[in-house]
Every structure is written in structure tokens, then in C-alpha cells.
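Student: This is the structure I want to talk about, given as C-alpha cells.
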Amino acid sequence: MRRSVRYALVLFAGFPALLGAQGFGIYEQGACSMGRAGTGVAAPCSDGSAIFFSPAGLAGLTGGRATIGVTLLDVEGGFTDDILQQETRLDDPFLAIPQVYVAYGVTPKLGVGIGLFAPYGLQTRWPLSFDGRFSGYDNILRSVYVQPTVSYQVTPWLSLGGGVDVVFGSVELNQRLDLADAPVPTALGVPAGTLFSQFGIAPGTDFADTHLEASKTTVAGHFGALFKVNDRLSFGARFMTQAKFDYSGTASFTQVPTGLVVPADLTVGSLTIPAGCPIDALLTAPAASCGGIGLNLFNPSAGVFRSQPVTTTIKNPSQMALGVAYKVASGWTLLGDYQYTWWDSFNELDIVFPQDASGALSRKLFERYDGTSGFRFAAEWMKDAKWTFRGGYLYHGGAAPAETVTPLLPEGNRNEFTAGATVKLSRGLTADLAYQFIRQNDRRGRTREALFNQPATTGLNNGLYNFHAHLFGVSLGYAF
Amino acid sequence: MTHRRILVAGGLSLALLAAACHEDELFTPLTPSYKGGAMFTRYVSFGNSITAGFQSFGLNDSLQRLAYPVLLARAMGTTFYYPSINYVPTANLFGCPSPITFIFSNPPTRLGPPAAPPCSLRSPIIPPYLNNVAFPGADVLELLNTNYAPPQPTPAATDAYKLFLLGGRTELQRAREVLPTFVTVWIGNNDVSGAILDTSANAGTDVTPPATFTARFNAFMDSLDSFGTIQGGLLIGVVQITGAPYVSQGRAYFAAQAAIPTMTVLPNCLAFQPLTATDTAFVYVPFHYGAPIVARAAAGVADTLDCSDSHVISVAEAVNIIGTVVQYNAAIQQAAVARDWAYLDPNPILRTFAADTNRIRPFPHFPPNPAAPDSISVNAPFGNAASRDGVHPSSSTQRLIAQILRDSINVHYNAAIPPIP
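Protein sequence lines correspond, in order, to chains A and B. The first sequence begins at 30 in the working numbering and counts up by one. The second sequence begins at 779 in the working numbering and counts up by one.
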């Protein structure tokens, strides 16, 4: 059993993607709900995904349900810069997001369950030729929620449910460092704040590769209510609390050769760097070819770019959904959900290197996201006891303000279309299939962060991000 | 009814989707709107100190912004970045180096106090790429070569600009980043300028052989062809460097001795050789050699200018320099013709300048009283067309060059680039 739990976590470790909800939210938590455009807080699917979509929806369950599913993602996107009109394509791999739900009706009024899902996360991978590599070329944010849930039918028309989320979070950031943007150590006799670019180093001169990795486990809560006005009409609501991660991890640095050479004797302050000195050598230990001058930046015990602790705080925001479901007739059900996510809690990102006395490494990223609304609509047709078909549409706004559309998360307003079907394979076995197309509006953005930890402005925007994705969901459910 | 609603909803969704697809207006408008403007969307200028904006043996932003490619790009209406050198007098930053303000002192007086740093470094606002990739000291080999790949260019003090202006990359490498649609190339002046600027003996022979120049220039042009983005260009010929006011004909010194009793100029300074109906090769005296003689004589110390000295450019060396430039320009013109690019020979313009002694002085305007220089010796010692170093164009000449290039481009490409602003 312990082994299988560990395997499940490993599966989830591969899930992140830039997906179909605002910010770095992910809403594709089951093939049935995916076909419904994520609606269902008022009438959840019977596959156990109510644990996420409507925690009160487990009440009234007969017997047990176990569902395992996967969503396959083909993400396409890119950035076209203003001046050269050259497009760089996202390099995201074909991804798979698994889901697992187990639910059981203990009594006609009491339902329990446990689910593993991932409502927040992202992965954006860019080629190393992309100018945005200095903001991050392979960024992964993982949040795996394990949610034991209890639901109780308080009255025939009201059910309440809730669960505690144990959230396993991790973050990984890979980026290049641009020598042009790096400050020249004052040991060379230059005024503080002098940048290598002032010696002519061209923007886009990689000199170090940074890998930041941190993890943290935290706790959140998830609550829901379901109102059945009559056999046809129901309303639902759910609220998931914020999950705050005080990440602590390690940053490691690897030197990247620039291949540059000082072309003529260079007098800097009281020092003279001789012609022929390789700049890569100048950045490391003192070398004869550089007149005995060396900045020791990569010294493993004392260099600025030694491996060292790093901390940051990221909040998965609270989210709320309100929904309605109405059984029209002849097996037809119409569903509509409104979702609000408090993305304004994703305001600033402080990446702190507590052991870096120089202060050169710590960064403050001003994200300044806005709260967002999502509107989801779906129709479902239960053709017969074997087949059920569904389709939907959703729209949501972008969380990132115009000045924060970056390689880390180039998101924006999205229109999404879904279709799906459930087929009963045998008495206890059910399969769900779903397809979702995500079309994000093209959006102006930037490839670089503002220097000196300053807030960014739209003046830094230098091109256009585009994004779309095809999602395929499949799940198998077993009733017991 | 239900089906109709679904169709309406579907239609609305498709309309939203279609609207999302038309985002072209989100791009910053780039293409100049005048006739033929598309060709100038991304303009790159190759060259040396003249193209970089170097004046009075100095470089800073106040000069760079007056360089002909910057003015031309402004007329073109195209985004154009150059590697700005700090010019912030309030911060004691005057250039790299700061330009000369008075060339007759020893050493020449430069802008700013003596304590100012010799190089004020680049502006902290760094452009994403460079359109003006020219750097002072560039010859045709250095356009092609990485800094240390063989054959190595002869080391020079100006090599520092390879780092300060180009970040240690070549002009071709920096230009390729821009995916240029139009280029101007003015290279080759430094393949002959050593003959007049090099202070060592026998410098008059310091020229790149024409065959070598031609091979390198053609290799450079082949590299440009490999970009695959260039729609057109203008190649500028090499100037007859003996026409620069930094060198004076020996006969000018001979005439000047009449006003300076303690200076003797030997008759060998009158030597010359007719070349064509319009060109004649003379003996040429570089400023760095002739000026100290004049200064000493003016101070009452008798001195003699002997034009057989190896620091003076002999008639034979001048003939070689002039002939070499003619061959350079034939190769450059041939490269332009082969690509149907525009070609401009700057020498007819220089000849018109030379005919006006206010523009190009045949003999430097030495200050009558070095302790109290007059305005001409301070502001235009070599004439209005040249800066205070006698080699590089003045601001007004840079502007004139831009205007001539604009006219040539418009004629050759049937374009309508507006006048230089």
C-alpha cells in the first residue's frame, strides 16, 4: 500500500502544464467534468470527482466509486517579437495529468471520499534560444492536493460537505543569467551599480545557468453546499481556501562559457585587465592571462554563485464556484457555473537568498494579478443507460495584468470548447472520454524582468504571446 | 427551439473565437508608410569611426546621435539603436575618449577636466540590439573576423571598441541579430588611413593590398548575402585619404614658411606627379609630424622640414595610396552592381570640399598666439567640413552625407525617404 501511494505521487509529479483556468489554475480534474466545461457544482458527475467540483455532492451516494483518469495535453504557443517578427515556440512536452478519486456512501445521508487532484500548477518550457530564458526557460510549479472529504445530507434539499486538503507543493525555476545585466563587483574599482553592459557586453550573453528548487507541504480547506430545489433544479456552491507555501530550497549555479575575450588592455579603476584575457576566466579564479585578476564568482565556498539556500512564498489563491443545474426533459440537463478566483493574492514574489551578503541574487517580482471570473456553460444528454453525451463552453478573463505577461506565465483571456461522453462498459465499469480546445487571445507581453527589482510597466512589453491547446481526457470508473 | 438556441450560442462562440484570431493590431507598427518604406524596416549600418560618429578623436552620445546613419534612419522612420557612450557632464562623463577641444596643445586638450575618466563607459540603458554596428578602427578584415581567429588584425588602441561597442562580437555577428532588410556599408578607409595616421616611420606604405582587400570585401558581401533578409543596400566607396586635411601637401608648408622666418622647408616638399586630369599626387606631411615643426619655429626655435624624411608621405607612396583606393572602389562598385545595390563614390564630393578652403583648409589654422587661441584654431582648425582631428567629418558634413545617401537611395530604389530632419 505504501508503495502504491508513493507511485501515485510520482505520477502526479509529472502533471504540470499551462492549462485551462486563470493564472496557473487547472480545472481539468476529471474526464466527465472536462466534457462539461468544468461545470457541476450543482450536479456533480457520479465518478467521485465531486470531491473537487462539489464536496457536498458525495451525500446520497449509493455504494462506492473509484475512478482513475488522465488528461493528455498538447500545448502550443509562442512569442513573436515586435521588431524582428520572429516567433519562438513553446517547447512544452506532451503532458499527462492523472486523477484519482475514491468515494463511498456510508449511509443514504453520509458520503465519504478521498481524492488526489491538482487545481494549481504550471509548466512553461522555452528553448534556450528564447530571449525569455533570462526570466525562466523551464518553470514548474506543482501542487498536489490530497483531500479526505465528508458530505452529509442535512435535509432532503440541503447537503453540506467539506474536506481538509493536504497540499504537497514544489517549485522549480531554471533560468539563464545575462552578463549584460550583471553588476560589476566593486572590487574592480568601479562605482557600485555599474553593469557589465556598460563595458559593452551585449544583451543575451549567457554566463550562468540557475536552478532553483524548493518544496513545502501545507494545509487548506474545501467546503461545499448543494441545494436541491426539486427533482429538476439544483444550486451548488463551493469554496476552497488559500494554500500558502513558505518554500525553502536550494539554488545552484553553473557557469556558461561566453567565449568572449578582452580585445585590448582595459583600465578599470586602478586595475588593468590585459588584452587576451578570457572573460570566462575573469569571472572565476585569478588567472595569469588576466593579470592575476579574477572575480571568483563561482567559487564553491565563497563565490556569489555558490550553491545556497533560497526561500520564497507562493500562495495558491482561494477559489469559489456557484452553479445551477436544470434537468430539462428527455435526459437533457443544462449546467452553468460561475467561478471567482482571488488571484489578487498573487501580488509579489520575493525570491530570497539569505546567505548572499551581496544582495545581488535576491529578486522581487511584481506580479500584481487581479481576481478573475470564469463563466462555464454545458449541456448533457443521457441517451440511454449506456451512453451519455455532453458539451460545453467556457470563458474566463486573465489574471495577469498587462505589465506581467511574461515567459513564466503568458496567460490571458480564454475561450474554451469541450465535448465528452460516458459509456457504460459493463455493470460496474464506466469509461469517460473528453476533448477540450483552449484558445487564448493573443496578448502583448515581455521577455525580460525589470532591472533592479523595479516594478515592470507595459513599456517593457516587446511582443505578442499566442497560446492554444488540445486536451484529451479519459477515465475509468468502477462502482462497487 | 432548443436547437435554435444551441445554434445561436454556437455562432456567438465562433464569433468570439474569430475575433480572438485577429490580433495583428497588437503588434507595434513597424513598416515606414512612404513609398518603398518596407525595405527600410530594419536598417543596419556597417562601417568604421565615421559611421560610428567619431569626431575630434573622441566618441560620446552627443556625437553618435549626429552620425549619418542615425540621421538617415530618423528620416527613414525606422527604429535604430546605436551603442551609446555616456555623455553626462554633470557626472564628469565626457566620452570614450572625450573629444579634442584644442589640437594644438601638447597633449591636445580634451573636453572635461583632466580628472575625468578616460572612458565614460556605455549608457546604462542598453538597447536590445544594435543597428549601427560600426566601430572606430574597423578595417575590412575586422568586419569578417572574430577577435582572435587567424589571421589576426594588427592590435590597435581602438580594439577596445570591439568590446565597448560590440560586446566582443563582430559587426557581422551583431548585424545578423537584427535580420536587416537594408544595409549601408562604408568600409576600407582604415585599410589605407594608417598611411597618414600611423606616427611611425615609413607608415606611408601601411595599406592593405588591393587584391587582399577585394577578397575580404567579397567575403564580407557573401556573408551579407547569407543573411537572407537583406532586400537592398548602398555601398560607399573609400575616400582618397590624401584629401583629408590631417595631411597637407608639401607645397602648403613651403608656402607657410614665408610667414614663419625660423622655419625652413626644403624644395623636395614641392614634388608632385600628375595622375589624371583631375588628380595629382603630392608629397604629404601628416599633422603629427609637421605641427611640432611649426610649433617649434613659431616659438623661435629654428627647424627644418625635410620631405625626404620617412615620416612624410612621398610622391611614390601617395601614388600607391591613390591607386589602391581606386582599385578598392572598383571592387566595391562591382559588388554593388552584382547585387543591383546602390553605390556612392564619396571622392567627387571631397573634391568640391577641397575647392573651398573654408571647408577643407590646405594648411591647418595654427593659432597665431598659442597662449590665446583664436576661434578658428579652436573650432575649425582643419576647415568646417572636418572635426578638430582633421580626419573625421564634422557634424555638418555628417548631415550632408546623410542627405546625399538619402538622395542616392531614393533614386536607386525609387523610394521616397523624407528629407533628413
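Ideal placement from N, C-alpha and C gives every residue a C-beta, glycine not left out. Since we're looking at a predicted model, the values are computed, not measured.
Taking 8 Å as the cut-off, does the stretch 902-909 of chain B touch the stretch 254-269 of chain A (at least 3 CB pairs, one atom from each stretch)?
Tutor: no
Student: How is tyrosine 926 (chain B) classed by DSSP in three states: helix, strand or coil?
Tutor: Its pLDDT being 48, under 50, tyrosine 926 (chain B) is placed unreliably in this model, and the value from its coordinates should be taken loosely. Here tyrosine 926 (chain B) sits in coil by DSSP.
Student: According to a CB-to-CB cut-off of less than 7 Å, which residues of the stretch 191-207 of chain A neighbour chain B?
Tutor: none
Student: Helix, strand or coil, according to DSSP, for glutamate 116 (chain A) in the structure here?
Tutor: strand
Student: Measure how close the beta-carbons of alanine 350 (chain A) and arginine 267 (chain A) come, nearest whole angstrom, since I'm counting them as under 8 Å.
Tutor: 5 Å
Student: Would a C-beta distance cut-off of 8 Å place proline 338 (chain A) and threonine 370 (chain A) closer than the cut-off?
Tutor: No, the pair does not count as a contact, with Cβ atoms beyond the cut-off.
Student: Are the C-beta of serine 158 (chain A) and some C-beta of chain B separated by less than 8 Å?
Tutor: no
Student: Between arginine 947 (chain B) and chain A, is any beta-carbon pair separated by less than 8 Å?
Tutor: yes
Student: Report the neighbours of arginine 1235 (chain B) on chain A: residues whose CB is nearer than 8 Å to its CB, in chain order.
Tutor: This structure does not reach residue 1235 (chain B), given that chain B is present from 779 up to 1199, and the question cannot be answered.
Student: Would you say phenylalanine 509 (chain A) lies against chain B (beta-carbon separation less than 8 Å)?
Tutor: no
Student: Quick one: what's lysine 344 (chain A) bridged to in DSSP?
Tutor: Answer is A:Lys273, bridged to lysine 344 (chain A).
Student: Using the DSSP secondary-structure output, state which residues sit across from isoleucine 1091 (chain B) in a beta bridge.
Tutor: B:Tyr1062
Student: For a cutoff of 8 Å on Cβ pairs, would you count glutamate 801 (chain B) as touching chain A?
Tutor: With a pLDDT of 45 at glutamate 801 (chain B), under the threshold of 50, the predicted position of this residue should be treated as unreliable, though the coordinate-derived value follows. Yes, glutamate 801 (chain B) counts as interfacial toward chain A.
Student: Identify, in the order they occur along the chain, each residue of the same chain with its Cβ nearer than 6 Å to the Cβ of phenylalanine 496 (chain A), setting aside the five sequence neighbours on each side.
Tutor: Gly106 and Gln469
Student: Thinking C-alpha only, which one of A:Thr234, A:Tyr507, A:Phe146 and A:Leu437 is nearest isoleucine 169 (chain A)?
Tutor: A:Leu437
Student: Would you say alanine 304 (chain A) lies against chain B (beta-carbon separation less than 8 Å)?
Tutor: yes
Student: Closer than 8 Å by beta-carbon distance: list the chain B residues that pair up with phenylalanine 228 (chain A), in chain order.
Tutor: Leu899, Arg900, Leu941 and Phe942
Student: Can you give the Cα-Cα distance for valine 297 (chain A) and asparagine 838 (chain B), rounded to whole angstroms?
Tutor: 18 Å
Student: Report the option in B:Thr1102, B:Val1169 and B:Phe1144 whose CA atom is closest to the CA atom of leucine 1128 (chain B).
Tutor: B:Val1169
Student: What does DSSP give as the partner residue(s) for isoleucine 143 (chain A) in the beta ladder?
Tutor: A:Val131 and A:Pro177
Student: Alpha helix (DSSP H) containing tyrosine 859 (chain B): first to last residue?
Tutor: Note, tyrosine 859 (chain B): premise wrong, no alpha helix (DSSP H); not H, not E.
Student: Just confirm the distance between the C-beta atoms of alanine 280 (chain A) and phenylalanine 163 (chain A), as a whole number of angstroms; I'd bet it's less than 8 Å.
Tutor: The Cβ separation is near 15 Å, so there is no contact.
Student: Identify every residue that forms a DSSP beta bridge with tryptophan 964 (chain B).
Tutor: B:Gly825 and B:Ile1014
Student: Could one say the Cβ of aspartate 976 (chain B) lies closer than 8 Å to chain A's Cβ atoms, at least one of them?
Tutor: Chain A contact via Cβ: absent.
Student: For glycine 427 (chain A), I'd like the list of residues in its chain whose CB is within less than 6 Å of its CB, leaving aside the five on either flank, ordered along the chain.
Tutor: Glu440, Gly441 and Asn442
Student: Which residues in chain A sit within 7 Å of isoleucine 904 (chain B), going by Cβ to Cβ distance?
Tutor: Residues of chain A passing the Cβ test: Ala209, Ser226 and Pro232.
Student: So phenylalanine 228 (chain A) packs on leucine 941 (chain B), CB below 8 Å; how close in whole Å?
Tutor: 6 Å
Student: In chain order, what are the residue ranges of uninterrupted alpha helix (DSSP H) at least 4 long that sit wholly in the stretch 244-288 of chain A?
Tutor: none
Student: Would you say proline 484 (chain A) lies against chain B (beta-carbon separation less than 8 Å)?
Tutor: It does not: the Cβ of proline 484 (chain A) has no partner Cβ on chain B nearer than 8 Å.
Student: Using 8 Å as the threshold, is the stretch 1150-1157 of chain B in touch with the stretch 807-817 of chain B, meaning 3 or more CB pairs across them?
Tutor: no
Student: Return the first residue and the last residue of the alpha helix (DSSP H) that glycine 1028 (chain B) is part of.
Tutor: 1028-1034
Student: With a floor of 4 residues, list each alpha helix (DSSP H) that falls wholly inside the stretch 339-416 of chain A, ordered by position along the chain.
Tutor: none
Student: Indicate whether valine 285 (chain A) and arginine 205 (chain A) have their beta-carbon atoms separated by less than 8 Å.
Tutor: yes
Student: Look at the alpha carbon of leucine 975 (chain B) and the alpha carbon of leucine 957 (chain B), and state the distance between them as a whole number of angstroms.
Tutor: 35 Å
Student: Counting Cβ pairs, one atom from each stretch, are 3 or more of them under 8 Å apart for the stretch 402-414 of chain A and the stretch 361-368 of chain A?
Tutor: When Cβ pairs closer than 8 Å are counted between the two stretches, the stretch 402-414 of chain A is seen to touch the stretch 361-368 of chain A, the count reaching three or more.
Student: Could you tell me which chain B residues have their CB closer than 8 Å to the CB of leucine 295 (chain A), listed as they occur along the chain?
Tutor: In chain order: Ala938 and Leu941.
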